[in-house]
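J.: Please read through the structure below; I'll follow up with questions.
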């Protein structure tokens with residue numbers, strides 16, 4: 677692979693991720709509106725929000741760490757996208773593997789923690805400590821699931837996992853071969869989206885959107901962009917591990933939208949768990965399914 | 002921007018807001034997006050708050066026009082004052098307003114914010130909200146129906162789209178006057194935690210009345226105010242919002 | 081049930097000067113002299129189970145130049161509300177705090193001090209509570225002319241008919 681080709685892929689992959697993520701944010705809000713029997717926002721609403729936030733005329737910045745940390749967080753999610761193989765574009769997925777990806781997924785939360793710490797807002801500090809707690813809650817089941825998938829396929833390389841799943845059509849998909857593992861992974865992916873009932877660190881009525889409490893203008897815009905990337909990343913990661921990845925965009929896009937749609941359709945009827953309950957619930961159920969799936973993989 | 006050709010001949014003073022063609026196109030796009038993505042912060046101490054749930058939820062659905070409730074002043078664009086304000090809550094409103102980031106808009110909901118409403122003879126409530134913070138729109142009524150609230154939101158959206166809703170700049174340009182009005186209620190030592198004059202300098206919104214006798218006591222906290230001599234105050238050119246004439250009794 | 085009612089009678093036997101009136105099935109009104117009120121509250125709390133001081137209210141009587149303080153006490157045992165009325169003169173306008181008997185009294189006394197200017201001896205905190213920006217006289221005395229104060233302090237906006245045509249209030 678020559679350098680120009682790689683460069684084009686590195687530009688194209690985050691761009692596609694952003695555009696698909698915008699549609700996912702729109703879907704998120706439309707689904708919520710339809711469940712509440714509202715009409716919901718217009719088609720370009722996510723774009724309007726981001727442009728508006730970046731074009732605010734005054735900004736409040738809480739020091740250099742605030743700004744650097746937001747860039748760290750955004751850089752983390754963008755770096756995550758180039759390790760996620762999509763149809764036709766492998767990016768760096770052949771050079772890095774699942775382990776690198778899992779490491780990169782933690783960078784946004786850590787970057788956010790640094791930035792929120794500079795804001796010195798108590799709601800923000802509570803929010804970020806809850807966000808890191810939530811990360812502990814879903815990362816342990818996720819790591820077990822990833823370990824199970826890697827054991828099952830005998831590799832941690834994402835393109836090889838996709839190739840193994842696509843070898844025999846739908847019957848070799850991870851969700852058919854390792855259904856228990858896939859269930860644990862779906863719950864962990866749900867928690868990664870940070871929607872109710874796992875919305876402990878946003879909690880608008882309680883801690884005033886937690887980490888976002890001091891974010892205005894371009895910082896909030898950065899968070900909106902990050903949300904697009906994160907929705908997309910969750911969809912693609914789950915599709916890659918369990919739904920056979922994608923050979924063509926026409927079959928790949930419905931899969932990633934379906935993965936994101938399942939949590940979004942459920943989330944609107946839930947209130948919010950307490951922080952310690954999220955930890956207990958995730959370790960008990962998501963962790964339980966993941967461990968059972970891992971045991972099944974090992975016994976096979 | 003002046004369109005008078007005579008003025009453009011010799012040493013024309015450069016208008017701080019004058020933009021190139023590209024700048025104006027970008028401004029137009031930004032205004033278009035601003036009008037369609039308004040985050041609302043509700044200040045719900047008054048009874049008007051009861052009209053907002055129907056406005057927000059499935060009956061009237063404000064999200065159709067891109068409005069969302071937001072919970073912190075940092076993220077919000079509109080400060081919606083829903084009803085009467087006592088002197089004590091006005092202080093919080095002023096602090097909240099100053100924490101919002103411009104462009105920011107204030108909507109006074111109900112008769113209480115216009116002229117005291119049914120609390121006109123109370124010693125504890127303020128009567129004219131626009132003496133303390135600049136108000137973009139008022140909604141008369143006690144209470145205004147959700148239809149009226151929507152009407153005003155659409156009107157405000159239209160004015161933002163046309164670039165006319167600039168009342169927030171008035172707070173910087175005439176800060177001395179607003180601070181004086183606030184000091185009448187809160188005592189002459191009142192000062193907000195936000196450095197409004199510093200922001201006015203930073204964003205080049207210093208007007209002729211930004212500094213004055215009322216802001217004098219702020220200067221001991223901010224030694225850089227004496228740099229103001231460098232910055233030329235803008236000529237009085239309030240085309241966006243004609244000065245509000247308050248009829249004194 | 082009889083036992084509790086007897087204990088209330090025991091309170092009344094110890095303080096024979098009370099004017100007791102049963103105004104309703106669960107309401108008892110007691111008129112008490114100012115110097116006897118703390119004793120009454122203590123007896124009610126200790127012997128009759130009136131543990132909950134739900135409010136202290138104040139009434140201004142300019143004709144007799146007196147404040148009437150009303151202590152509302154609730155008993156969870158017999159579900160009865162006692163309102164103990166007492167009167168103190170304008171001058172000097174001082175009374176004793178019941179904070180040592182009922183801790184929540186501090187808020188009611190602070191409020192009354194703010195609104196009527198009554199000074200409560202022994203109340204731990206009588207700083208401004210709601211009217212933190214207030215510099216005038218206690219505003220809920222009947223001698224305070226609210227309308228005159230409002231007319232002096234605030235300005236008004238006169239109605240302009242064209243506002244009705246313009247949803248932006250005539251200045252958009």
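Protein chains in written order, with the working numbering: chain R, 677 to 976; chain G, 2 to 250; chain Y, 81 to 252.
In this text, a Cβ means the ideal position worked out from N, Cα and C, and glycines have one as well.
Hey, does residue 716 of chain R have any beta-carbon neighbour from chain G nearer than 7 Å?
T.: yes
J.: Please confirm if residue 898 of chain R has its CB atom under 7 Å from at least one CB of chain G.
T.: By this cut-off, residue 898 of chain R is not an interface position.
J.: In this structure, how does DSSP classify residue 81 of chain Y when only helix, strand and coil are distinguished?
T.: With a pLDDT of 45 at residue 81 of chain Y, under the threshold of 50, the predicted position of this residue should be treated as unreliable, though the coordinate-derived value follows. Looking at residue 81 of chain Y - three-state DSSP - the assignment turns out to be coil, as it is neither helix nor strand.
J.: In chain order, what residues of the same chain lie with their CB nearer than 6 Å to the CB of residue 151 of chain Y, ignoring the 5 residues before and after it?
T.: 136 and 164
J.: Does residue 66 of chain G get closer than 7 Å to chain Y when you measure Cβ to Cβ?
T.: no
J.: If you drop the 5 nearest sequence neighbours on each side, which residues of the same chain put their C-beta closer than 8 Å to that of residue 96 of chain Y?
T.: Within the same chain, residue 96 of chain Y has no close Cβ partners at all.
J.: Which partner residues does residue 136 of chain Y have in the DSSP bridge list?
T.: Y/151
J.: Could you please give me the residues that DSSP links to residue 199 of chain Y through a beta bridge?
T.: In DSSP, residue 199 of chain Y forms a bridge with Y/174.
J.: Give a yes or no on whether 7 Å exceeds the smallest Cβ distance from residue 104 of chain G to chain R.
T.: yes
J.: When you compare each of R/838, R/831 and R/728 to residue 766 of chain R by their alpha carbons, which one comes out closest?
T.: R/838
J.: So, with DSSP's three-state summary, where would you put residue 112 of chain Y?
T.: coil
J.: Using a Cβ-Cβ cutoff of 7 Å, what residues of the segment 224 to 238 of chain Y are near chain G? List them in chain order.
T.: 226, 227, 229, 230, 234, 235, 236, 237 and 238
J.: Taking residue 101 of chain Y as part of the beta strand (DSSP E), name the residues at either end of that continuous run.
T.: Residues 99 to 104.
J.: Taking CB distances under 7 Å as the criterion, tell me whether residue 885 of chain R reaches chain G.
T.: yes
J.: From the DSSP secondary-structure annotation, give me the bridge partner or partners of residue 708 of chain R.
T.: According to DSSP, which records beta bridges pairwise, residue 708 of chain R is partnered with nothing at all.
J.: Going by DSSP, which residues form a beta bridge with residue 164 of chain Y?
T.: Y/110 and Y/151
J.: By the three-class DSSP mapping on this structure, what secondary structure does residue 73 of chain G have?
T.: Here residue 73 of chain G sits in coil by DSSP.
J.: Determine, for residue 732 of chain R, whether the minimum Cβ-Cβ distance to residues of chain G falls below 7 Å.
T.: Yes - at least one Cβ of chain G is within 7 Å of the one on residue 732 of chain R.
J.: Sort out for me which residues DSSP pairs residue 146 of chain Y with in a bridge.
T.: Y/141 and Y/169
J.: From which residue to which residue does the alpha helix (DSSP H) around residue 973 of chain R run?
T.: Its alpha helix (DSSP H) spans residues 963 to 975.
J.: Taking the C-alpha atoms as reference points, what is the distance between residue 148 of chain Y and residue 168 of chain Y?
T.: 6 Å
J.: Determine, for residue 728 of chain R, whether the minimum Cβ-Cβ distance to residues of chain G falls below 7 Å.
T.: yes
J.: DSSP three-state label for residue 138 of chain G, please.
T.: strand
J.: Taking 7 Å as the CB-CB limit, is residue 721 of chain R close to chain G?
T.: yes
J.: Thinking residue 145 of chain Y and residue 170 of chain Y are a contact (beta carbons under 8 Å), I'd like their distance in whole angstroms, please.
T.: 4 Å between Cβ atoms; contact.
J.: If you measure beta-carbon to beta-carbon, which residues of the segment 104 to 124 of chain G are closer than 9 Å to chain Y?
T.: 109, 115, 116, 117, 121, 122, 123 and 124
J.: Counting along the chain, where does the alpha helix (DSSP H) carrying residue 866 of chain R start and finish?
T.: 855 to 869
J.: Mind pulling the alpha helix (DSSP H) runs of 4 or more residues that sit fully within the segment 680 to 739 of chain R?
T.: Within the segment 680 to 739 of chain R, the complete alpha helix (DSSP H) segments of 4 residues or longer fall at 721 to 730, listed in chain order.
J.: Among G/146, G/121 and G/199, which residue has its Cα nearest to the Cα of residue 229 of chain Y?
T.: G/121
J.: DSSP three-state call for residue 43 of chain G: helix, strand or coil?
T.: strand
J.: With a threshold of 7 Å between beta-carbons, can residue 119 of chain Y be considered close to chain G, or not?
T.: no
J.: Give me the Cα-Cα distance between residue 759 of chain R and residue 685 of chain R, rounded to the nearest whole angstrom.
T.: Rounded to whole angstroms, residue 759 of chain R to residue 685 of chain R spans 11 Å at the Cα level.
J.: Tell me which residue opens and which closes the beta strand (DSSP E) that residue 787 of chain R is part of.
T.: Element bounds for residue 787 of chain R: not the beta strand (DSSP E) but the alpha helix (DSSP H), 774 to 795.
J.: Would a C-beta distance cut-off of 7 Å place residue 977 of chain R and residue 904 of chain R closer than the cut-off?
T.: Missing from the structure shown is residue 977 of chain R; chain R here goes from 677 to 976 and no further.
J.: Of all Cβ atoms in chain G, is any one closer than 7 Å to the Cβ of residue 213 of chain Y?
T.: Interface annotation, residue 213 of chain Y: in contact with chain G, CB-CB separation under 7 Å.
J.: Any beta-carbon of chain R closer than 7 Å to the one on residue 45 of chain G?
T.: no
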